[in-house]
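Enquirer: With mature numbering (1 follows the signal peptide of the UniProt record, and there is no 0) applied, the sequence shown corresponds to residues -41 to -1, 1 to 1062, in that order. Sharing a structure here in structure tokens format.
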Amino acid sequence: MDDSMKKALGECVVFRKIPRLIRGMSLLLCLLAISLPEVQADPWKQKRLMETENTALGEKSVLSSMNMHGTARSVAKEIQQQKTVSGRIVDEQGDPVIGANVVEKGTTNGTVTDADGRFSLSVASNCVLHVSYIGYLDEEVQISGRTSVNITLREDTKSLEEVVVVAYGTSKRSVFTGSAASVDHTKLQNLNASFDKSLQGQVAGLQVMSASGQPGSTSSFRIRGSGSLNASNEPLYVVDGVPISANTKYSKLAEDNSNSSSILATLNPQDIESVTVLKDASAASLYGSRAANGVVLITTKNGKLGKASVSFHTQFGLASVPKAYDMMSSAEFYRMKWLSHYEQKREAGESPEKAAVSANAFAQGAITFNPYNVDQPIDANGNLVNGARIIVDTDWQDEIFKTALTQDYNVNVHGGNEKTNYFFSAGYYDQEGVTPSALYKRYSGKGTISTDVASWLKAGMNITFSHSIQHSEVGGGAGASPLYNALLFPNGVPVYLTDRDGNPILDSSGNKQYNFTNPTSLDFNPIAIPQMDLNRSKNYRFLASAFLDFKLYEGLNFKTVFAPDYIHYSESRYWNKEHGNGPAYNGRADRYHTTDLVYTFTNTLNYTNRFAERHLLNAMAGFEYWQSDYERVEAGATTFPLNNMYELSSGASALSPQSKSTKETLISYFGRVEYTYSDRYNFSVSLRSDGSSIFGVDNKWGTFWSAGASWRIEQEDLMKSFEWLDQLKLRLSYGTSGNNQGLDRYQSLGLWDSSSDYIYGTSSGTGHTQLANPHLKWEKQAMFNVGVDFRFLNRFYGSAEYFYKSSKDLLYKYPLAASNGFESIMMNMAKVANYGVELTLGAHVLRDSPLKWNIDFNLSAIRDEIKDLVGDDQIISNTKKIWSKGYSQYEFYMPTWAGVNPVNGDPQWVKIDASGNRGTTNVYSQATYEKQGRATPDFYGGLSTNLSYRGFDLSVLFAYSWGGLVYDALYAQIMHDGNQAGAQMHKDELMAWTSSNTNTNVPKYVNNNTNASDGISTRFLYDATNIKLKNVTLSYTLPSGLKPVSDVLKGARIFVSADNLFTWFKDDWKGYSDIDIFGIGGYNTLTAIPVPTTLTMGFNLTF
């Protein structure tokens, strides 16, 4: 484009007040004008709006003309001389501020900055430029004849986070009456594959526990405690206004595997703009029957005003498990076995020589391998014979845990103008697991576009697609877990078959052969089985939404949204025919295919009106239809000819196929009214009525409501003298919600089953498998919340809240007498309360200098209490927990460990007689079960801090939990005191009682003992207090003015980040540094892989 064309475009003149649709066509008119001769362009340029002013200088002629940004400029030809001023607007970090308004003060002449923060504007030579942008303080600059100015905008802490995402829309935080917390994308982008794990320690009232370190695995969320005993305690997840299915287990195979994948992991964290957690009834009850556990609102990225911009993000990481159980060495294990057997033989009267020979044979038999280079390594005096040395000392944990590589690539293009904005992205994520064969891959894509079709109509569409692949452990119980077996195998067992000198025995092809001669009754090699068996899953997810937003009248809008969510999940499992689970079937293969088509149709009518200046009214009414069609097909086969032939058609015997199809619907009517008076008194009420297909015919519908109020105290006249006080707001709310999540879709109906379990002659029969309960109804919850928000000195801020949440009509499978023919029936029978306080504090410690320092802290102290169990004072929920009135639903219930009898080394437990007297017993079955305390912490939270200086940025995040208990089942397995034949042991067994070591807490070691010293008791119960260094990130952002950055590359950032670096424990912690695998209930499974420490490096580029 030559200079004349540029000039013509810049001088195109239109009226400022004409309709937007016509104004949007001005560019086309300008292009036509370019092709006209200059004499024909003059009439176009002479189109003027004349106005007359009386001034000291007389009449002034003013021309209103439109520049390329659609804004007017004023020309006083007789008074001032025009000149073009250009420059750049940046923030305090030097990043460009896109879309900032630059206006000649006192006129309507202005423009907006481009994608690089640059602007150009023709103004009077001695004018003042006024620059403004949301979230920043306005700036004014005197031009004084200059032609170039660069301006830095400072953050306005009073307006930061002014808008908060809420149910079915947004709200100004200043008038919001509910309780909500937001985390933006800058705190999520450098962390995990799934955003849920990144939220730990960042939101008051939110407890996040990772079930496993398996790539793509799920996390457990608890928002303000657990309000249900049998239904789900997970929150409702909403993506861009659409509730989504967050089931973590889509197949029968996943039910066998604690390391199953999370559907939330299908969302690319790089596409997420912010996550908002709705915590109280005023904020969440508009979601009605699905809001009892709180709501997590996920807002994805959209296009922004400015020319097209391309961003590229990539990172590479290494993950490892830094701390493991301290197991016995090969020599220590051998001697422990040898000594116990030797003493038994000596007590039986055998000579030292015979006892030594017998003990060597016993130790080698227990290990199933002689780890020494001689047959009789220990002599009659208990000493190593000359020349004896260890040739096998396998650290099985070191063998199964590897350093795993993570790769992440993302690219997006975004931009927009006054009418249309767009955002398109693509991503690839590849994460290896720290155990053999484990991995997770995700291919993702997203497209978002919205446009003003007309002045009265806006339309848009959001499409997200992902395809994920996961390889994990084979399932089939703890015995198949590489972690479990790595802890059971003694170090004296080699990974590969070896000769007497420790050299590997090769097969006919020259390859090493895995060793399956192990000391347990299980035919598993922790390294080999993951290579020989298969456990693979694939997931396809398509999530979309399309909307039309009609402006019916000034302040009155109607919006309709249609959102399908399709999930196709498949899993394949194969057990090889030679080792592990498979030999019993001569090889077995299973296939599972699940589809879930969910669609939501939402219509809302919104009305906003400000009248008489002081009154603001917002009202919304809506209707929503939600439906889920779920199908699952299972098939399997056994008896395979070869291990590498695992398609079902290769199996000689087919297993009975199974299928399941269910449908669930939810119909809802809802509304909300918000009223603000004088920008200081705010009131809100909401109502929702849900009809669900899950519940009995007598209770299909449930109605839920909330009411809230807030008072902006700082706006009162009497507070105006406190200039240091920026905000002081009091909030109060009460409301109800329901819980229908995590329940079987036909829970209220009587069910019959036709299968091979019911045979009559040559025909299959039908059996009654579930009793009907037409009175089954919603779990209901009522919550009271009071809070205060404050900010002062434009530097310090925070909030404090108290809540009380009462949950009643809780669902529970009530046990029935055997004479009924059924084990239980689902009933509404319990009541639980959760209550507590939350505190959030923050400060911009340094903000007015090149060195900036921010700090944020949150604390939550929450208690849960069972109020009623209907007919029972207490129910033993399992062998470790009890439900009892007045106690937590996570109360541990087990015998109290009384230590070791110093006389004979026997284990002891507390025994309480009929009179209530406490004594001890060495018989486990006679020990008294007692309440021992709850798994939930006294308080928990997080601390984050950020330091930045001239492009360098350092952020640190701590997560902490104080109080509560955890039961270490893995430690119990490896402290068996000899009752598990050849199973490996922890080094603590070396402190076992002996006649010369009586002051110990480890019982006497006896081979093949039956004293149940490793039985469930407080011996393995620990204080869960810990402080975790969750994340450290150091980054550097290149100054955007540097060459060649400013030409094509508009911005660049490099960073290094580390996750889960270190955990401090108050107690004498024995196991892995990851306490999250103990879960909300405080109990670790025998198969859960610990969350690793990860070191990541990456960079972001913007073009």
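For glycine and all other residues, C-beta sits at the position ideal for the given N, C-alpha and C.
Quick check on the DSSP output: what are the complete alpha helix (DSSP H) runs of length 4 or more inside the segment 348 to 411, in order along the chain?
Expert: If we require 4 residues or more, the alpha helix (DSSP H) runs fully inside the segment 348 to 411 come out as 355 to 359.
Enquirer: If you follow the alpha helix (DSSP H) that L442 is in, where does it begin and where does it stop?
Expert: To locate residue 442, count along the sequence shown from 1; it is residue 483. Note, L442: alpha helix (DSSP H), P441 to L447.
Enquirer: Could you compute how far the alpha carbon of L158 sits from the alpha carbon of K260?
Expert: As a working note, residue 158 is residue 199 in the sequence shown. As a working note, residue 260 is residue 301 in the sequence shown. Distance between the alpha carbons of L158 and K260 is about 18 Å.
Enquirer: Any contact of the segment 726 to 738 with the segment 677 to 686, i.e. 3+ C-beta pairs under 8 Å?
Expert: Output reads no: the segment 677 to 686 does not touch the segment 726 to 738.
Enquirer: Within 10 angstroms of its Cβ, does I464 collect 16 or more other Cβ (buried), or is it exposed?
Expert: Working through the sequence shown from its first residue, we reach residue 464 at position 505. I464 is exposed by the Cβ-count criterion.
Enquirer: Where DSSP assigns a beta bridge to S133, which residues make up the other side?
Expert: The count along the sequence shown starts at 1 and reaches residue 133 at position 174. Per DSSP, none; premise fails for S133.
Enquirer: Can you tell me which of the three DSSP states M786 falls into?
Expert: By 1-based counting over the sequence shown, the position of residue 786 is 827. Here M786 sits in strand by DSSP.
Enquirer: Would K304 and A318 be called neighbours here (beta carbons separated by less than 8 Å)?
Expert: Working through the sequence shown from its first residue, we reach residue 304 at position 345. Working through the sequence shown from its first residue, we reach residue 318 at position 359. Yes, the pair counts as a contact, with Cβ atoms nearer than the cut-off.
Enquirer: Out of curiosity, what's the CA-to-CA distance linking N1058 and A363?
Expert: Counting from one through the sequence shown, the residue named residue 1058 turns up at place 1099. Counting from one through the sequence shown, the residue named residue 363 turns up at place 404. The sequence given here has Phe at residue 1058, not Asn. If you take the alpha carbons of F1058 and A363, they lie about 20 Å apart.
Enquirer: When you compare only the Cα positions, how much space is there between N970 and K963?
Expert: Residue numbering aside, residue 970 sits at position 1011 when the sequence shown is read from its first letter. Residue numbering aside, residue 963 sits at position 1004 when the sequence shown is read from its first letter. About 10 Å.
Enquirer: To the nearest whole angstrom, what separates the beta carbons of H935 and M286, a pair I think is in contact under 8 Å?
Expert: Position 976 of the sequence shown, counting from 1, holds the residue named residue 935. Position 327 of the sequence shown, counting from 1, holds the residue named residue 286. Contact doesn't hold; Cβ gap of about 13 Å is too wide.
Enquirer: Under the assumption that V280 contacts Y1031 (Cβ atoms under 8 Å), give the Cβ distance between them as a whole number of angstroms.
Expert: Locating residue 280 in the sequence shown gives position 321, counting from the first residue. Locating residue 1031 in the sequence shown gives position 1072, counting from the first residue. Rounded, the Cβ-Cβ distance is 7 Å, consistent with contact.
Enquirer: Compute the Euclidean distance between the alpha carbons of K951 and F911, then round it to the nearest angstrom.
Expert: Counted from its first residue, the sequence shown places residue 951 at position 992. Counted from its first residue, the sequence shown places residue 911 at position 952. The identity of residue 951 in the sequence shown is Ala, whereas the question assumes Lys. Cα to Cα, the separation comes out at about 54 Å.
Enquirer: Can you grab the Cα-Cα spacing for the pair L601 / K536, in whole Å?
Expert: The residue labelled residue 601 in the question sits at position 642 within the sequence shown. The residue labelled residue 536 in the question sits at position 577 within the sequence shown. Taking the straight line from one Cα to the other gives about 8 Å.
Enquirer: With the cut-off set at 8 Å, would you say E114 and K64 are in Cβ contact?
Expert: Within the sequence shown, residue 114 is the residue found at index 155, counting from 1. Within the sequence shown, residue 64 is the residue found at index 105, counting from 1. Cβ atoms of E114 and K64: not closer than 8 Å.
Enquirer: Alpha carbon to alpha carbon, how far is F851 from G892? Give it in angstroms, no decimals.
Expert: By 1-based counting over the sequence shown, the position of residue 892 is 933. By 1-based counting over the sequence shown, the position of residue 851 is 892. Spanning the two alpha carbons is a distance of roughly 6 Å.
Enquirer: With distances taken between CB atoms, is the gap from P174 to R249 smaller than 8 Å?
Expert: For the purposes of this step, residue 174 is taken as residue 215 along the sequence shown, with counting starting at 1. For the purposes of this step, residue 249 is taken as residue 290 along the sequence shown, with counting starting at 1. Not in contact: P174 and R249 (Cβ atoms no closer than 8 Å).
Enquirer: Which two residues bound the contiguous beta strand (DSSP E) that contains D982?
Expert: By one-based count along the sequence shown, residue 982 stands at place 1023. Looking at the DSSP string, the run of the beta strand (DSSP E) that includes D982 is L980 to D982.
Enquirer: How long is the line joining the alpha carbons of K839 and I975, rounded to whole angstroms?
Expert: Position 880 of the sequence shown, counting from 1, holds the residue named residue 839. Position 1016 of the sequence shown, counting from 1, holds the residue named residue 975. So the two alpha carbons sit approximately 7 Å from each other.
Enquirer: Roughly how many angstroms separate the alpha carbons of T457 and S467, rounded to a whole number?
Expert: Here residue 457 corresponds to residue number 498 of the sequence shown, with the count starting at 1. Here residue 467 corresponds to residue number 508 of the sequence shown, with the count starting at 1. Rounded to the nearest angstrom, the two C-alpha atoms are 15 Å apart.
Enquirer: Considering only their Cβ atoms, is the gap separating T72 from V56 smaller than 8 Å?
Expert: Locating residue 56 in the sequence shown gives position 97, where the first residue counts as 1. Locating residue 72 in the sequence shown gives position 113, where the first residue counts as 1. Against a cut-off of 8 Å, the Cβ pair of T72 and V56 comes out as a contact.
Enquirer: I need the boundaries of the alpha helix (DSSP H) containing R806, first residue and last residue.
Expert: On the sequence shown, residue 806 is found 847 positions in, with the first residue counted as 1. Unbroken run through R806: none, as it is neither H nor E.
Enquirer: Taking one C-beta from the segment 367 to 377 and one from the segment 257 to 271 each time, how about it: are there three or more such pairs within less than 8 Å?
Expert: With a cut-off of 8 Å, the segment 257 to 271 and the segment 367 to 377 count as touching, because enough Cβ pairs lie within range.
Enquirer: Within a Cβ cutoff of 8 Å, which residues of the same chain sit near S289, ignoring the five residues on either side of it in sequence?
Expert: Residue numbering aside, residue 289 sits at position 330 when the sequence shown is read from its first letter. Excluding positions up to five away in sequence, the list reads P330, I349, V351, D352, T353, P449, N450 and G451.
Enquirer: Could you tell me if the beta carbon of H527 falls within a distance shorter than 7 Å of some heavy atom in the ligand MG?
Expert: Summarising the ligand content, the structure contains no ligands, and the ligand MG is consequently not present.
Enquirer: Could you check which residue in T67, S79 and D872 has the C-alpha nearest to that of S45?
Expert: One-based indexing of the sequence shown puts residue 45 at position 86. When only C-alpha atoms are compared, the closest one is S79.
Enquirer: Around the C-beta of K471, are 16 or more other C-beta atoms found within 10 angstroms, so that it is buried, or is it exposed?
Expert: If you number the sequence shown from 1, residue 471 lands on position 512. With fewer than 16 other Cβ atoms within 10 Å, it is exposed.
Enquirer: Given this structure, state the Cα-to-Cα distance separating N1043 from F979, to the nearest angstrom.
Expert: Indexing the sequence shown from 1 puts residue 1043 at position 1084. Indexing the sequence shown from 1 puts residue 979 at position 1020. Each residue's alpha carbon lies about 11 Å from the other.
Enquirer: Between F642 and the rest of its own chain, which residues show a CB-CB distance below 6 Å, the 5 nearest in sequence each way excluded?
Expert: Start at 1 with the first residue of the sequence shown, and residue 642 comes out as number 683. Y634 and A668, listed in sequence order.
Enquirer: Report the partner residues of R550 according to the DSSP bridge assignment.
Expert: Sequence index remark: in the sequence shown, residue 550 carries index 591 (1-based). According to DSSP, R550 bridges with S531 and A594.
Enquirer: Strictly by DSSP, which residues pair up with W660?
Expert: Taking the first residue of the sequence shown as 1, we reach residue 660 at position 701. DSSP, once it has assigned bridges, lists G650 as partnering W660.
Enquirer: Quick one: Cα of T1061 to Cα of Q429, how far?
Expert: Within the sequence shown, numbered from 1, the residue matching residue 1061 stands at position 1102. Within the sequence shown, numbered from 1, the residue matching residue 429 stands at position 470. If I take the Cα positions, the gap works out to 31 Å.
Enquirer: Identify every residue that forms a DSSP beta bridge with V602.
Expert: Residue mapping note: residue 602 aligns to position 643 of the sequence shown, counting from 1. Before going further, note that residue 602 is Asn rather than Val in the sequence given. Answer by DSSP bridge pairing: none, since N602 is not bridged.
Enquirer: Take P336 as the anchor and find which of R294, Q366, N744 and F599 has the nearest alpha-carbon.
Expert: Numbered from 1 along the sequence shown, position 377 holds the residue referred to as residue 336. Of R294, Q366, N744 and F599, the residue nearest in Cα terms is R294.
Enquirer: Output the distance between the C-alpha atoms of A886 and A873, rounded to the nearest integer angstrom.
Expert: As a working mapping, residue 886 is identified with position 927 in the sequence shown. As a working mapping, residue 873 is identified with position 914 in the sequence shown. A886 and A873: Cα-Cα distance of roughly 13 Å.
Enquirer: Which of the three DSSP states is assigned to K156 in this structure?
Expert: Position 197 of the sequence shown holds residue 156. In the structure shown, K156 sits in a helix (DSSP, three-state: H, G or I).
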